[in-house]
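**Student:** Take a look at the following structure, please.
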Amino acid sequence: MELIRIDTQKAYEQLRDRIVRLQLAPGALIDEQQLSAELDLSPTAVREAIKLLAHDGLVQVTPRHGLYVAPVSLEDLAQLSEMRAPLEALCARLAAQRATADELAVLAALRQEHHGIAASDSGRLFELDHRFHQAIAGAAHNKYLAQTLETFFGLSQRLWYLALPEIASLPAAVEKHLDMMAAIQAGDADRAERLMRTHVQSFYDEVKEILAKKLG
Amino acid sequence: MELIRIDTQKAYEQLRDRIVRLQLAPGALIDEQQLSAELDLSPTAVREAIKLLAHDGLVQVTPRHGLYVAPVSLEDLAQLSEMRAPLEALCARLAAQRATADELAVLAALRQEHHGIAASDSGRLFELDHRFHQAIAGAAHNKYLAQTLETFFGLSQRLWYLALPEIASLPAAVEKHLDMMAAIQAGDADRAERLMRTHVQSFYDEVKEILAKKLG
Amino acid sequence: MTTPLSPTPPLVLGIDTGGTFTDAMLLNYHTREVLAAHKSLTTKRDLSIGIEEVIDGIQITDPAAIKMVSISTTLATNAIAEGKGKRVGLLLIGYDAELVESFKMNERFATPHYYYFEGGHDLYGQEKAPLDLAGILATVNSLRGQVDALAVSSYFSPLNPEHELRVFEAVSSICDLPIVLGHQLSTKLGSIERATTAALNASLLAILQDFVVAVRRAMAHRHIDAPLMVVRGDGTLMSDEFAAQTPVETIHSGPAASAIGGRFLSGIDDALVLDVGGTTTDLALIQDGQVNVTEAGATVSGYKTAVKAADLLSIALGGDSAITLGRDRRLSLGPERVTPLAYLAHQYPPVEQRLTQLASRTWDHESAPHLQYWYILHQPQASRPLSPQQKNLLRFLADGPKSVPDILKHMGVLHPAQIVVNELFRQEILAKAGLTPTDLLHAEGRFTPWSTAAAEAALTILGRCLWQEPAKIREVVWRQANETIVRAVVAFVSGISLPPPVIKDKSFGTWVFDNSLYHRHPHLDTQFHLQIPIIGIGAPAEVFLAEVARVLHTELILPEHHEVANAVGAVAGSIMVTEEILVYPQLSAEGLDVIAYYVQTNEGREIYEVAGDALNYARSLAEERVLGAALRSGADNPQVTVEVLPNGLDSYRVGAKAMGNPRLEKR
Amino acid sequence: MTTPLSPTPPLVLGIDTGGTFTDAMLLNYHTREVLAAHKSLTTKRDLSIGIEEVIDGIQITDPAAIKMVSISTTLATNAIAEGKGKRVGLLLIGYDAELVESFKMNERFATPHYYYFEGGHDLYGQEKAPLDLAGILATVNSLRGQVDALAVSSYFSPLNPEHELRVFEAVSSICDLPIVLGHQLSTKLGSIERATTAALNASLLAILQDFVVAVRRAMAHRHIDAPLMVVRGDGTLMSDEFAAQTPVETIHSGPAASAIGGRFLSGIDDALVLDVGGTTTDLALIQDGQVNVTEAGATVSGYKTAVKAADLLSIALGGDSAITLGRDRRLSLGPERVTPLAYLAHQYPPVEQRLTQLASRTWDHESAPHLQYWYILHQPQASRPLSPQQKNLLRFLADGPKSVPDILKHMGVLHPAQIVVNELFRQEILAKAGLTPTDLLHAEGRFTPWSTAAAEAALTILGRCLWQEPAKIREVVWRQANETIVRAVVAFVSGISLPPPVIKDKSFGTWVFDNSLYHRHPHLDTQFHLQIPIIGIGAPAEVFLAEVARVLHTELILPEHHEVANAVGAVAGSIMVTEEILVYPQLSAEGLDVIAYYVQTNEGREIYEVAGDALNYARSLAEERVLGAALRSGADNPQVTVEVLPNGLDSYRVGAKAMGNPRLEKR
């Protein structure tokens, strides 16, 4: 984010948030002029922000047409899960093999934080889940892996927000992290990999079921 | 590439090429003013192109400092191979399961093309290798997988150019594609996956050996 | 405490790259006042050189005040006319080869590399035959190195582009060539025009892309950082991105801009605009303030396309048209464009000496071929492979222009066709010079920037060959120019094709035309009365058009700045985006009942049970898409109109159009 | 054919957001002519409002001609002084807690939330103790919601930042708070200053980021799309990106810009610049045309930092300083800044009525507290939680300002401290008004934009409380202002701290000072002779400084546009980037021999066997890095200088500096 002007950064964050939280609906036409007025940021900033969002896959440009909020589909969900499940599993395996003492301390701190969060606080649980995956990605010591997973996490977010009101298993899913952490701490790569694969897959399965009903 | 001005596109291609072909050396300082003069393209175009290259990981911005051509390291190579081997393998597996008749026809056409290339023509072999991987990525029917692999391919290119003069096995590596294609055509997912993993891994191993000598 | 600055209003820079001249002008966008204008020679080998020169001539003191640059160009039209487009492989899917060939429709494809394959759909969008993808890929593999781009047109692809899309996917997996798909350029159903349009578009892609980069580069040199627009063939503007994707839409861009500029400068809403350039003269009609547009699809160099463009006629006649002596010893004017001898002699004094020397040889009645010169325009790149003959010729021309007879002698051949140098002319390594109307103007003292002596000498030489006085030669040439233009005007405005100007034609049409021009009949006079004025555009407009207007009994209007009206027109247009969506029925298996309706866009297909729903969806989709595209193209508050046109039984074309003035803020 | 345009030269817009006024001016960058200038009130709750107003006042007719906007701001300084920075958790690694506390150095940390942990390195960059990461993470977890940012400083981190980097990695994995690392802000080795600087930087991050966005927004509203620069504390410029990362560097940005502006406008290379604002008066020295810079690190609000900034002294005295009556019935001036009563009464006529009414009560000698008003500056957001007491107060003030005695009565308390409303003042929901020098100017008829009647009434009231004529009150206040400024000048220029102005101090220093001001001694006169002129900056400069200059026997220079010299200074600076690299020895295991040399940058460490190689590498690396950073910051052809300073035994600091004028093209 270093080459980016500060107001572009602001526009990017605000637009990204609107898209992820579905305030800008999937498939909606993007009117730069209007957004610039709404956000009260310069047209340049908004335009630059949209470029970044397009790079993230959250905005689409059709060849001869305008800019749209990328639509969501079950197909996307399936493809994301197909990628994330093996990569997160690989990540957990590598983390079990490579995590440094510092990284284990981070995982322990996250676990500690988990104890302080109410099961009903889905916002914080959601955030914690993200941190947990990031921490494991860091412990895997492969920057490409970490970047890739971060990108996919971003793309998944919107689907999750779509499903969120009906997700029942969030606390349970986050609970899984505790087992995984134990495996990583113990250096049990096989177990870490297996747990992670199940964790990611079962979460996607649930989201998929909810969205299948919603999106028809 | 849709939101990008045409002269930016030009600058991007030219700069990317210079970086990949090592004409802009790894670690070199990037002087936008100078590049703008050299390429005879507007400062805006060059600046935008550099942003894209930074996104590709080919240009680095240090926190309080200037822009540099990203350095290369054996560590990068190792991390890339760690990501690419399982992903390409997954890709081959999915392709074996999902390739349509059209996609098999493309693979057959690439095979046909291969027959027309001399073993000494490393430039074309290199290009063909890229196409082959792209075709399999397409046949896997997962856009995220395809995008990810394409990004990694781009990052690997520079390392390969560094090693290229000494790579002996390029024709053999490309030859491997023929076996892989047979496996994909036959729908033998296990075999396709295994062959791909070996193909990618052994190529990386060779490049690694060469670069280990070069980079010390 | 405040000292206000003098206000700098938003300025726009209009540029027109014509066949001979590149014009530029700077306009105050709000007051519509032309602040500065300039003309340079067009440098075909690299248009950016002429563009840089013309921008330099404008003396822009505050590049930041320029909020838009807009450019019209005959680049596409010229590239097609001169066969300088890139080489295209045209893949025809589901076309009936026999039918096409038997009606010689293949001659309309605008490329010699066309190939037929199984596949395509029927008029209900159902697959006619399976796609022969393997065959296509094999062909593409075999074309490696022989073509620079590919065009794909599948039968009934606007109804169902599936085969084109599949070909795109597969072919782009095996090669890097740019690929143009027919259905993306036209939703109309004429399969031949679609193929032609796709092929032409493919042949122009790289050319227009280079052009846009060159203009951007010229802008960068002058520190102009503003949106760049390109004039479409109908006079509206599109962003440079769009233009680079759909170069065919720039066909007729130059003439359309002239027409718009002429209207703008004259303030006249109904007129015939005649733009006299160095290479061509272009005709367009202005009605109710709008350029007439042809719905049928523009024709360029005999290729009928599916491109909506200004309805115009371009004739190969201009200030630099070659005046040559045919085998029948008749003078002809055009269609070739050459460098005027007055200019060549001005650049190379030995040419002037040689011509005056020749003119003094009163006994020599055969020296007309000596008026044709070849010369080196710019040195070929060192890397360029040259034949021994080409090297020999270039060495011979190294010290200056040589006349064609001298060249033939040196090369030891009898006819220029024996020297294989077309490619060198094409690449503007070599150029030709000869006698032109521009030379006549020199001789007449009406326009004399270059060597008058050379022009006079050349006329003397040519007159001697014809046993005529130079004045008579001039008269003949001007009469011919006048006749050619009047003929074009009459044909264009009437919409009736005139009989060709063949000698000894005895048709009534020929007679009437001749008589109306020359009033030869002692008893029966005929006259043309054009009921609208002629707006003359271009530097030589007055010379060429005064007599035309007289013959047509109308007024010739030469508005201020008419020399650069095309550049004015480049910025006077609105940004426009159009979109068409097809709605057509899905038939039951037996093909007897309509069971649903498809809504087909470039990118996908939706299905609706009821026609009304399908049309409503198509309407709103079309509206949204044009709006999005217009916003992205920089239109300010674009206005959208949607119309539904019947397109055969139970089928509809839903067309949307968004138009708006350019948004002149920094993007 | 060309009509040249009148040239529009590159313009630059300078803005200064001071404590009271926001100034702007438009400069022709090449001719250095001030084209327009304007002043607005600073809106502390949202600086962009004042910035927009001041830009509006400038009447920019051609925003595109503006090639750079540069801004200086007292934002950082004020936020620190007023404790309005974000709450920071400071993590101290390897610090000797006992030692720190025993010397009360913890008071210098600029945050009450500081925590000690095991870890850190020694002066050879070797790990002193293992890092207690688990402890740090537990602390960070426990700080959730209590701090807004984190700062980390590890012992000897400039030599080896490993522990800071590890903390950064780990902590950023468990929370989103911005984290500032000490070694990235300072390569100097003072561990306390480094911690202070890191903590201050962390507390300012969000503030400066919001500010930059607000300025960009104000620019966008005026269609100004140009690079934005921020003035550093030493008067040089940095890009807005840099500023948002290292807000501490903007400490003293405002005064530095004033000094540079004063020099620029006066053309005088050696002078004392005195900038009299509404809230403070700032002193800076100009020597050889440069602002004096303190190498030791700037001190702000008593916090000593490692930030290189203009050497200056800022005293809490300005046009809007509160004139209050102490318990000892002495008048004091400042340090608090309040809204002048003349202005308040102008805005709220009932205040004027009330004051004139009070002034007419000749029997009332206790009404001085009635000169202090509270009022609502802007309504709190609906979402803001308010205490019942706060709600009560806001309801009471809803219909206009109320005097403090009225408020106490309504709230049923005896002292303002019993009303818990500091947060409301902090957020500028409430504001205070009172008697100020600005009111005196109204009463004297020297500056009368607002209610003179209110000012006169207030003076009458205050005079009656002191049994004095109003004229006498004014005299006392002015004398006190003069004395305060002269005291500051003498201390600042001499570098000697003067004895505090305590009553009944019998020291010689106090005597000399008093005598030099008031020449009280009948036989022994003392005088100050300042050998350089005083350049007065700011609107009230003449009023405040005429007597100061007289007392100091020097000339007071008030250059044209001196009211906005700070805004001028904002654009007059060069872009500068610095970089320091440390070179220090690696010791053998026994610690007796130097076996190699480390080259330590912010990002990494290299090792060399020979000191010379290490220094050469450090030199070229430093040079390359500053060059890169300067180019990125928009410097045109930056000039680089490198110097090597010894830094203790076998250790060196390699400093590089790149400076260049801003590149005024569009980036």
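Chains as they are written, first to last, in this note's numbering: chain A, 1 to 216; chain B, 217 to 432; chain C, 433 to 1099; chain D, 1100 to 1766.
Beta carbons are placed, not taken as given, at the ideal position from N, Cα and C, and that holds for glycine.
Fair warning: this is a prediction, and the values are worked out from it, not measured in the lab.
(1) Using a beta-carbon distance below 8 angstroms, is B/I222 in contact with chain C?
(2) Is the beta carbon of B/L427 closer than 8 angstroms to that of B/L375?
(3) Do D/A1721 and D/V1741 have their CB atoms nearer than 8 angstroms?
(4) How would you label D/Q1344, buried or exposed, when you count the other beta carbons within 10 angstroms and need 16 or more for buried?
(5) So, using beta-carbon positions, are C/L773 and C/G866 closer together than 8 angstroms?
(6) What number of angstroms, rounded off, separates the C-alpha of C/V603 from the C-alpha of C/I611?
(7) Along the chain, where does the beta strand (DSSP E) that runs through D/T1380 open and close?
(8) So, with DSSP's three-state summary, where would you put D/E1181?
(9) Which chain B residues are close to D/G1727, counting only those with a beta carbon under 9 angstroms from its beta carbon?
(10) Where C/Y556 and C/H595 are concerned, what is the direct C-alpha to C-alpha distance, given to the nearest angstrom?
(11) For D/I1235, which option in A/A49, A/L58, A/A105 has the closest C-alpha, if you only look at C-alpha atoms?
(12) Beta carbon of D/G1219, beta carbon of D/P1229: below 8 angstroms?
(13) Let me make sure I understand the geometry here. Which of A/L155, A/A173, A/Q185 has the alpha-carbon closest to that of A/V217?
(14) Please state if the CB of D/N1205 and the CB of D/Y1828 are separated by a distance shorter than 8 angstroms.
(15) Measure from the C-beta of A/K208 to each C-beta in chain B and report whether the shortest distance is under 8 angstroms.
(16) Measuring CB to CB, does A/I136 end up less than 8 angstroms from A/A95?
(17) Assign D/Q1489 to buried or exposed, taking buried as 16 or more other Cβ atoms, counted over all protein chains shown, within 10 Å of its Cβ.
(18) Tell me the rounded alpha-carbon separation between D/A1556 and D/L1307.
(19) Pick out the complete alpha helix (DSSP H) segments inside the stretch 455-518 of chain C, 4 residues or longer, and give them in chain order.
(20) Quick one: Cα of B/H271 to Cα of A/I6, how far?
(21) Between the stretch 326-354 of chain B and chain C, which residues of the former have CB atoms less than 7 angstroms from a CB of the latter, in chain order?
(22) Alpha carbon to alpha carbon, what distance is there between C/A971 and C/P881?
(23) Give a yes or no on whether the C-beta atoms belonging to D/L1558 and D/A1542 are separated by under 8 angstroms.
(24) Is there a Cβ of chain A sitting closer than 8 angstroms to that of D/M1337, yes or no?
(25) According to DSSP, is B/E391 helix, strand or coil?
(26) Would D/I1150 pass as a contact of D/A1405 if the rule is Cβ separation under 8 angstroms?
(27) Quick one: does C/L1063 have its CB under 8 angstroms from some CB of chain A?
(28) Below 8 angstroms CB to CB, which residues in the same chain sit around D/E1522 once its five sequence neighbours on both sides are set aside?
(29) Suppose the cutoff is 7 angstroms on Cβ atoms and the five residues either side in sequence are ignored; what does the same chain contact list for A/L39 look like?
(30) Strictly below 9 angstroms CB to CB, what residues from chain B border C/M661?
(31) Can you list, in chain order, the residues of its chain with a C-beta nearer than 7 angstroms to that of D/S1400? Leave out the 5 residues immediately preceding and following it.
(32) Taking Cβ positions, are D/L1242 and D/F1216 nearer each other than 8 angstroms?
(33) Can a CB atom of chain D be found closer than 8 angstroms to the CB of A/M1?
(34) Quick one: which residues of the stretch 84-102 of chain A get their C-beta closer than 8 angstroms to a C-beta of chain B? List them in chain order.
(35) Closer than 7 angstroms by beta-carbon distance: list the chain D residues that pair up with A/D40, in chain order.
(36) Would A/H177 count as contacting chain B if we go by Cβ distances under 8 angstroms?
**Tutor:** With the structure as the only source:
(1) yes
(2) Yes.
(3) Taking 8 angstroms as the cut-off, the beta carbon of D/A1721 is found closer than this to the beta carbon of D/V1741.
(4) buried
(5) yes
(6) 8 angstroms
(7) Run containing D/T1380: 1380-1386, per the beta strand (DSSP E) assignment.
(8) coil
(9) The answer, in chain order, is L245, I246, D247, T278, H281, G282, L283, Y284.
(10) 15 angstroms
(11) Residue A/A105 is the option with its Cα nearest to D/I1235.
(12) no
(13) As displayed, chain A neither begins before 1 nor continues past 216, which places residue 217 of chain A out of reach and without an answer.
(14) The question about residue 1828 of chain D has no answer here: the residues shown for chain D are numbered 1100 through 1766.
(15) Answer no: the Cβ-Cβ gap between A/K208 and chain B never drops below 8 angstroms.
(16) yes
(17) buried
(18) 41 angstroms
(19) 479-490, 507-513
(20) 17 angstroms
(21) Cβ contacts with chain C come from L326, Q328, E329, R347, Q350, A351, G354.
(22) 13 angstroms
(23) yes
(24) no
(25) helix
(26) no
(27) yes
(28) Sequence-distant partners of D/E1522 (beyond 5 residues in either direction) whose C-beta falls short of 8 angstroms from its own C-beta are missing from its chain.
(29) A11, Q14, V46
(30) In chain order: nothing, as chain B lies at least about 13 angstroms away.
(31) I1179, A1180
(32) Going by C-beta atoms, D/L1242 is not nearer than 8 angstroms to D/F1216.
(33) Because A/M1 carries a pLDDT of 33, less than 50, the predicted location of this residue cannot be relied on, and no value is offered for it.
(34) P86, L87, L90, L94
(35) R1316
(36) no
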